[in-house]
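These protein sequence lines map, in sequence, to chains A and B.
Those letters in the first sequence? Residues 87 to 428, by the working numbering.
Those letters in the second sequence? Residues 87 to 428, by the working numbering.
This report concerns only the one structure given below.
There are 2 protein chains.
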Amino acid sequence: MEVENRYVAVRHHVEGSPSVDDFEVKAETVRWTPESGEVLVRNMYVSIDPYQLNRMKRQSASHHSVDVIVPGERIASYGVGEVVASACEEYKEGDVVAGMLAWEEHSVFRPETSMLMSKVDASSGFPLSYQLGALGTSGMTAYGGFYEVCKPKVGETVFVSAASGSVGSLVGQFAKLAGCRVVGCAGTQAKVDLLKDKLGFDDAFNYREEPDLKAALKRHFPDGIDIYFENVGGEMLEAALANMNTYGRVAVCGVIAEYTDPGRRAVPDLLEVIYKRITLRGFFAWDFITKFHEFTAIIGGWIEEGKVHVIEDVSDRLESVPSAFVALYRGQNVGKKLVKLA
Amino acid sequence: MEVENRYVAVRHHVEGSPSVDDFEVKAETVRWTPESGEVLVRNMYVSIDPYQLNRMKRQSASHHSVDVIVPGERIASYGVGEVVASACEEYKEGDVVAGMLAWEEHSVFRPETSMLMSKVDASSGFPLSYQLGALGTSGMTAYGGFYEVCKPKVGETVFVSAASGSVGSLVGQFAKLAGCRVVGCAGTQAKVDLLKDKLGFDDAFNYREEPDLKAALKRHFPDGIDIYFENVGGEMLEAALANMNTYGRVAVCGVIAEYTDPGRRAVPDLLEVIYKRITLRGFFAWDFITKFHEFTAIIGGWIEEGKVHVIEDVSDRLESVPSAFVALYRGQNVGKKLVKLA
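Shown next, in the form of structure tokens:
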């Protein structure tokens with residue numbers, strides 16, 4: 087079988103803020119044969135994630151653990167799709183799968199135990215797109231990061247930056263379910279309203295309107311911050327540390343402000359870290375891969391019961407992948423950013 | 087009973103590098119009566135510790151958890167002394183005590199359960215000065231920090247900064263006993279020789295002779311650093327993070343380079359923290375107070391067996407407290423700095 091496949095590639099390594107001109111849509115013919123051992127998937131949704139920018143750089147700490155993206159080549163990405171041809175037992179034509187696919191219309195994979203790929207139970211009643219956010223890597227990041235890294239206790243205070251984003255919006259809701267007081271920050275009034283009115287945050291603020299982030303956090307956390315779920319980096323981390331309580335915990339899963347500008351880094355006061363005995367811990371979703379099904383089952387239950395709302399921001403068609411990606415760094419997305427291909 | 091007491095005070099808050107002119111020796115008459123409930127101690131040794139500088143500042147994160155030092159007043163410090171008069175049952179004349187005394191010739195305390203004060207078993211055979219270092223807060227910091235915070239595994243690599251200091255010299259020896267490969271850095275060739283020749287470090291280097299700390303650590307840790315015991319801060323932390331392995335641990339107990347210059351801070355690459363899933367944890371000795379006797383019993387055993395060497399740097403008489411303290415920030419001490427009063 088042959089299919090025409092179109093995919094998004096970078097033209098060159100991307101070092102600063104990305105622009106749509108950094109990308110191109112390319113075409114190729116994909117050949118699948120019954121002897122190949124491979125599974126051919128028609129992609130329905132692909133995930134748009136900030137961390138991909140680090141993979142596009144010539145040099146980045148991300149290259150320790152995630153492959154560099156080679157200009158001109160396919161870009162691996164979490165996605166959900168339908169099997170259109172399969173040369174192996176585990177996958178049948180018509181099966182829906184979620185896992186590591188790519189920013190392309192068709193993907194081919196060869197099943198391996200180490201690989202992130204699971205069959206989706208289509209009878210679950212959830213929109214398939216949820217597989218990319220709350221029931222996928224965003225959910226795993228938020229759940230693992232909050233419960234395993236932050237170890238919340240009832241009554242503690244939680245600060246979430248980039249709180250209207252894919253991970254932050256879930257963390258804030260999980261924090262409420264854990265009996266914590268949670269305040270989020272975001273970059274527009276509409277996002278702030280969303281956090282307070284729909285997602286149940288105790289409070290929220292627009293960080294762009296705060297000339298002094300330390301003072302803003304002092305106002306919102308008069309008794310200090312016990313847990314900071316860090317998605318931003320830079321001055322936000324410094325301000326959070328200055329307002330943290332003794333034995334505070336900082337879960338560092340993203341520092342989007344630093345992705346586009348390596349010169350813009352946090353300059354933390356280590357005396358705060360010592361004297362308040364703060365723990366900062368870096369992590370990412372795949373650290374919790376063995377607990378993936380446990381986490382998504384819990385999150386799925388909460389969604390069904392209406393305890394967790396899923397916020398999505400969906401663009402259409404492969405051509406919109408570059409603009410959807412660029413929008414992440416301009417703060418233009420609300421909730422999980424993804425592209426619907428078919 | 088009345089005794090003449092002389093004590094060291096700061097003349098004013100100290101903000102940058104300390105100088106001997108910041109201090110003065112003052113005199114007072116201490117009155118002790120049998121009805122006071124108090125214990126009068128003639129101090130024999132007092133501890134000289136870098137963290138005291140933070141207490142001398144007008145503002146510091148240390149003030150969250152340790153009292154500010156008031157100009158003109160006595161300066162609480164760990165010390166060892168002999169009871170000369172006691173108005174309570176637990177302490178008798180002639181007992182030797184170690185705990186929170188002050189930079190002064192005589193101290194008076196009223197026993198409280200929460201206070202750091204213990205009777206020293208004079209029959210143990212250890213020099214009394216050890217109570218201030220290896221068998222006191224330095225030992226508790228090194229043991230707790232290394233075993234409880236860093237959680238070493240056999241075969242791991244350990245980097246210790248300020249390795250010839252009171253805490254660092256112990257951590258390096260503990261790391262060898264734990265089956266780790268350990269490299270230390272210090273600021274003179276004599277200290278480097280001490281680390282390698284006497285304390286059994288696998289290797290050591292003089293950081294002042296390294297124009298590129300990242301490259302130096304790369305050379306000494308071709309397979310990366312698993313554990314970094316942080317005593318220094320600034321560029322040293324940045325360089326260590328750049329060379330750390332996945333799931334690396336950084337125990338942050340002191341950042342002496344940042345104490346004298348608040349503008350000189352580490353600018354860590356948080357992408358390293360995320361992608362290598364590094365944990366940084368601040369702590370200090372008192373976090374392990376409930377395990378104090380357990381820790382010091384183990385360390386005492388090691389010293390007796392010749393497995394751990396204690397390095398001390400002793401100045402004489404109360405007048406030398408200011409110069410002994412100032413020497414810490416000039417890298418002039420080797421091992422535990424203390425002053426012998428009597």
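By construction, the Cβ of each residue, glycine as well, lies at the ideal position given by its N, Cα and C atoms.
Per DSSP, M201(B) lies in no alpha helix (DSSP H) segment and is marked neither H nor E. Separation of A276(B) and Q418(A) (C-alpha to C-alpha, rounded to the nearest whole angstrom) is 58 Å. Contact annotation for R196(A) against chain B: no contact, minimum CB-CB distance about 26 Å [criterion: below 9 Å]. Following the DSSP letters along the chain, one finds M130(B) inside the beta strand (DSSP E) bounded by residues V125 to S133. Assignment of beta-bridge partners to A113(B) by DSSP yields R92(B). Only P348, R351, A352, V353, P354, D355, L356, L357, E358, V359, I360, Y361, K362, R363, I364 and T365 from the region 346 to 365 of chain A bring a Cβ to less than 9 Å from some Cβ of chain B. The beta carbon of L221(A) is closer than 7 Å to those of F212, T382, I385 and G386 in its chain, skipping five residues each way along the sequence. Just measuring C-alpha positions, the residue of E176(B), E198(B), L126(B) and I155(B) sitting nearest G167(B) is L126(B).
Residue contact check for R367(A) against chain B: a CB pair falls below 8 Å.
A direct Cα-Cα distance of roughly 11 Å separates T365(B) from L356(B). Less than 8 Å separates the beta-carbon of S255(A) from that of I397(A).
If you check each beta-carbon in the region 90 to 113 of chain B against every beta-carbon of chain A, none falls closer than 7 Å.
Restricting attention to beta strand (DSSP E) runs no shorter than 3 residues, the region 171 to 249 of chain A encloses them at 182 to 188, 192 to 195, 203 to 205 and 243 to 246, ordered along the chain. Contact between E316(B) and L323(B) is confirmed by a C-beta separation of about 6 Å, below the 8 Å threshold. In the pairwise beta carbon analysis, the region 306 to 313 of chain B is classified as touching the region 327 to 338 of chain B: at least three pairs are separated by under 8 Å. Between A371(A) and G230(A) a beta carbon distance of about 7 Å is seen, short of the 8 Å cut, so the two are scored as contacting. In this structure, the alpha-carbon of Y333(B) lies about 13 Å from that of V235(B). Fully contained in the region 340 to 365 of chain B are the following alpha helix (DSSP H) runs of length 4 or more, in chain order: 342 to 345 and 356 to 361.
With the criterion set as a beta carbon lying under 9 Å from some beta carbon of chain B, the members of the region 151 to 177 of chain A are S151 and V152, in sequence order. The straight-line gap separating the alpha-carbon atoms of G241(B) and V338(B) is approximately 22 Å. In the displayed model, M142(A) falls within a helix according to three-state DSSP. Boundaries of the alpha helix (DSSP H) around A413(A): V407 to L414.
What D373(A) touches in chain B, judged by beta-carbon distance under 7 Å, is R363, going in chain order.
The beta carbon of C266(A) sits no closer than 8 Å to any beta carbon of chain B. Of Q145(A), K423(A) and S122(A), the smallest CA-CA separation from A171(A) is found for S122(A). Burial check for S252(A): the Cβ neighbour count within 10 Å reaches 16 or more, so the residue is buried.
Secondary structure note for A301(A): its alpha helix (DSSP H) is the uninterrupted segment L299 to H306. About 6 Å separates the Cβ atoms of E344(A) and R350(A), confirming a contact at the 8 Å cut-off. Using a Cβ-Cβ distance cut-off of 8 Å, the region 287 to 303 of chain B and the region 265 to 272 of chain B are in contact, since at least three pairs of beta carbons, one from each stretch, lie closer than that value.
In this structure, DSSP gives S163(B) an extended state, which the three-state scheme calls strand.
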